[in-house]
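Letter by letter, the sequence shown follows residues 1 to 319 in the UniProt record's numbering.
Taking it in order: structure first as structure tokens, then the write-up.
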Amino acid sequence: MQEMPQSSAQQRDVEARPQPAHQQHERGCTEIFCIAMSYFLIFITFPISICMCIKIVQEYQRAVVFRLGRLVPEVKGPGIFFIIPCIDQFLNIDLRVVSYNVPSQEILSRDSVTVSVDAVVYFKVFDPITSVIGVENATESTKLLAQTTLRTILGTHTLTEILSDREKISADMKISLDEATEPWGIKVERVELRDVRLPGQMQRAMAAEAEATRDAGAKIIAAEGELRASAALAEAARIISNSEGAMQLRYLHTLNAISSEKTSTIIFPFPMEILGGIKNGTSSDGPNYPVQEMVQAALKSIHRQDTVPATASSGGSRL
1 MQEMPQSSAQ QRDVEARPQP AHQQHERGCT EIFCIAMSYF LIFITFPISI
51 CMCIKIVQEY QRAVVFRLGR LVPEVKGPGI FFIIPCIDQF LNIDLRVVSY
101 NVPSQEILSR DSVTVSVDAV VYFKVFDPIT SVIGVENATE STKLLAQTTL
151 RTILGTHTLT EILSDREKIS ADMKISLDEA TEPWGIKVER VELRDVRLPG
201 QMQRAMAAEA EATRDAGAKI IAAEGELRAS AALAEAARII SNSEGAMQLR
251 YLHTLNAISS EKTSTIIFPF PMEILGGIKN GTSSDGPNYP VQEMVQAALK
301 SIHRQDTVPA TASSGGSRL
């Protein structure tokens, strides 16, 4: 009892399916008569009828012929082929790759950001017969499907993914389009996202974010440079302090660098080590350098000048 409805439903599905394009059909008497009369007219009007029977298609084209409204299974071309006037009609199908510029689409991304996206779709006809009898206008249908597929796929991605994963989005869109257009005899060769335009406010916000990120990176790099420079200077100071003649060589190198410049002022670094033996106006037990002796003499004279007026004033008060 339950199997009969299922079998009837399956029978209706089979009847509703489109029949194959290359299926042979039996010719009726009317069709045979029309074909015979056409050949007869060609024969009696020869050779004038040859101009109407011979057609030419280019290398990149194929001709789909319909005879009395029925499809001729064999595709004609390229080159010269023969048709029967009055009862044969043919359509030229271009097999070259067609590039379609998808108009700008206003798309709301998954994170609620409105973007305008342009894309380019490259496709071609690989089955002329299917592209003619399977869909009314295969090229126009593919263009409309490209627009809707672009909006559908980009609506499932965030703004960051749209900007960074263009190749992946293009590949997904190509696969989706190819699966949908294969029954139409259309092969999608390539899909490319050409341009992604953001609102002005979003552009300014992203520019500010990128500038802040670059500033932070620059400060971190400068701090790391200062750290390395301080470590190098500390190592250089340690090496110079362990060598007796290193400082003197540095002085000579500095004078050489200054003398190479065209300046009228020469700065000579004063070595502070020669003042190491002076403590509170007195010399140490070690040997004194000439500069040390001059400094000590100047300090003593200043000390004497400070003490003499004080003695005189005290003697006057005693009188």
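Using N, Cα and C, we set each Cβ at its ideal position, and we do this for glycine too.
As the structure is a prediction and not an experimental result, all values here were calculated from the model.
Looking only at DSSP bridge pairs, what is alanine 119 linked to? Working through the sequence shown from its first residue, we reach residue 119 at position 119. In DSSP, alanine 119 forms a bridge with Val102, Leu193.
To the nearest angstrom, report how far apart phenylalanine 40 and phenylalanine 46 are at their CA atoms. Numbered from its first residue, the sequence shown carries residue 40 at position 40. Numbered from its first residue, the sequence shown carries residue 46 at position 46. The straight-line gap from Cα to Cα measures roughly 10 angstroms.
Does the region 160 to 176 come into contact with the region 83 to 101, if we say contact requires no fewer than three beta-carbon pairs (one atom in each stretch) closer than 8 angstroms? Between the region 160 to 176 and the region 83 to 101 there are fewer than three C-beta pairs closer than 8 angstroms, too few to call the two in contact.
Where aspartate 88 sits in the DSSP three-state scheme: Here the question's residue 88 lines up with position 88 in the sequence shown. In this structure, aspartate 88 counts as strand in the three-state DSSP scheme.
For the region 173 to 190 against the region 115 to 125, do three or more pairs of beta-carbon atoms, one drawn from each stretch, fall closer than 8 angstroms, so that the two count as touching? Three or more Cβ pairs drawn from the region 173 to 190 and the region 115 to 125 lie within less than 8 angstroms of each other, which places the two stretches in contact.
Counterpart residues of isoleucine 80 in DSSP-defined beta bridges: As a working note, residue 80 is residue 80 in the sequence shown. Ile56.
Classification of histidine 253 by the beta-carbon crowding that lies within 10 angstroms, buried from 16 upward: Counting from one through the sequence shown, the residue named residue 253 turns up at place 253. Exposed, by the Cβ-count rule.
Coarse secondary structure for leucine 41, derived from DSSP in three states: Translated into the one-based positions of the sequence shown, residue 41 becomes position 41. When secondary structure is reduced to three states using DSSP, leucine 41 falls in the helix class.
For glutamate 59, which residues of its own chain have a beta-carbon under 6 angstroms away from its beta-carbon, when the five flanking residues on both sides are left out? Here residue 59 refers to the residue found at position 59 when the sequence shown is read from its first residue. If you ignore the 5 residues before and after glutamate 59, its C-beta comes within less than 6 angstroms of the C-beta of Pro78, all in its own chain and listed in chain order.
Indicate the three-state DSSP secondary structure (helix, strand or coil) for leucine 108 in the structure shown. Here residue 108 corresponds to residue number 108 of the sequence shown, with the count starting at 1. Of the three classes helix, strand and coil, the one that applies to leucine 108 here is strand, per DSSP.
Is DSSP giving phenylalanine 126 helix, strand or coil here? Numbered from its first residue, the sequence shown carries residue 126 at position 126. Coil, per DSSP.
In this structure, does DSSP put lysine 300 in helix, strand or coil? In the sequence shown, the residue the question calls residue 300 occupies position 300. Three-state result, lysine 300: helix.
Check whether lysine 55 and isoleucine 93 have beta carbons under 8 angstroms apart: Within the sequence shown, numbered from 1, the residue matching residue 55 stands at position 55. Within the sequence shown, numbered from 1, the residue matching residue 93 stands at position 93. Result no, Cβ atoms of lysine 55 and isoleucine 93 do not sit closer than 8 angstroms.
Please go through the region 190 to 251 and give each complete alpha helix (DSSP H) segment of 4 or more residues, from N-terminal end onward. Fully enclosed alpha helix (DSSP H) runs of no fewer than 4 residues occupy 200 to 241 of the region 190 to 251, in order along the chain.
Buried or exposed: which applies to aspartate 127, given that a residue is buried once 16 or more other Cβ atoms fall within 10 Å of its Cβ? Your numbering for residue 127 matches position 127 in the sequence shown. Buried, by the Cβ-count rule.
Assuming the contact rule is C-beta atoms closer than 8 angstroms, tryptophan 184 and alanine 138 should be a hit. Round their C-beta distance to whole Å, please. Numbered from its first residue, the sequence shown carries residue 184 at position 184. Numbered from its first residue, the sequence shown carries residue 138 at position 138. Going by Cβ atoms, the distance from tryptophan 184 to alanine 138 rounds to 5 angstroms, so yes, they are a contact pair.
Segment contact, 8 angstroms Cβ cut-off, at least three pairs: the region 129 to 148 with the region 202 to 217: Taking a contact to require three or more Cβ pairs closer than 8 angstroms, the region 129 to 148 and the region 202 to 217 do not qualify as touching.
If you compare alpha carbons, which of Ser104, Asn242, Val65, Asp195 is closest to lysine 76? One-based indexing of the sequence shown puts residue 76 at position 76. Nearest option by C-alpha distance: Val65.
C-beta contact flag for valine 72 and methionine 202 at 8 angstroms: Here residue 72 is taken as the residue at index 72 of the sequence shown, counted from 1. Here residue 202 is taken as the residue at index 202 of the sequence shown, counted from 1. In this structure, methionine 202 does not lie closer than 8 angstroms to valine 72 by Cβ.
What did DSSP end up calling threonine 156 once you bin it into helix, strand or coil? Counting from one through the sequence shown, the residue named residue 156 turns up at place 156. Coil, per DSSP.
Between the Cα of phenylalanine 33 and those of Leu249, Arg194, Ile87, spot the shortest distance and give me the residue it belongs to. Against the sequence shown, residue 33 aligns to sequence position 33. The shortest Cα separation from phenylalanine 33 among Leu249, Arg194, Ile87 belongs to Ile87.
Taking all protein chains shown into account, decide if serine 284 is buried (16 or more other Cβ within 10 angstroms of its Cβ) or exposed. Indexing the sequence shown from 1 puts residue 284 at position 284. Any answer about serine 284 is weak, because its pLDDT of 49 lies below 50 and its placement is not dependable; what the coordinates show is given next. Under this definition serine 284 is an exposed residue.
May I ask you to report which of helix, strand or coil DSSP gives leucine 255? Your numbering for residue 255 matches position 255 in the sequence shown. The answer is helix: DSSP assigns leucine 255 an H, G or I state.
Determine whether the beta carbon atoms of serine 116 and leucine 154 lie at a separation below 8 angstroms. As a first step, residue 116 is located in the sequence shown; it is residue number 116 there, counting from the start. As a first step, residue 154 is located in the sequence shown; it is residue number 154 there, counting from the start. Between serine 116 and leucine 154, the C-beta spacing is not below 8 angstroms.
Go through its chain and collect everything with a Cβ distance to arginine 62's Cβ below 8 angstroms, but skip five positions before and after it. Working through the sequence shown from its first residue, we reach residue 62 at position 62. For arginine 62, where only same-chain residues beyond five positions count, the Cβ hits under 8 angstroms are Val75, Lys76, Gly77, Pro78, Asn92, Ile93, Leu95, Pro128.
So, using beta-carbon positions, are threonine 158 and serine 176 closer together than 8 angstroms? The residue you call residue 158 lines up with position 158 of the sequence shown. The residue you call residue 176 lines up with position 176 of the sequence shown. Result no, Cβ atoms of threonine 158 and serine 176 do not sit closer than 8 angstroms.
Limits of the unbroken alpha helix (DSSP H) element including arginine 96: As a position in the sequence shown, residue 96 is number 96, starting the count at 1. Per DSSP, arginine 96 belongs to no alpha helix (DSSP H) and is neither H nor E.
First and last residue of the uninterrupted alpha helix (DSSP H) at isoleucine 175: Taking the sequence shown and counting its residues from 1, one reaches residue 175 at position 175. First-last of the alpha helix (DSSP H) with isoleucine 175: 166 to 181.
Which residues share a DSSP beta bridge with lysine 187? Reading the sequence shown from its first residue, position 187 is the one you call residue 187. Residue pairing from DSSP places lysine 187 in a beta bridge opposite Lys124.
Enclosing beta strand (DSSP E) for phenylalanine 66 [first to last residue]: Your numbering for residue 66 matches position 66 in the sequence shown. Counting along the chain, the beta strand (DSSP E) containing phenylalanine 66 begins and ends at 61 to 67.
Which partner residues does threonine 114 have in the DSSP bridge list? By one-based count along the sequence shown, residue 114 stands at place 114. DSSP lists Leu108 as partners of threonine 114.
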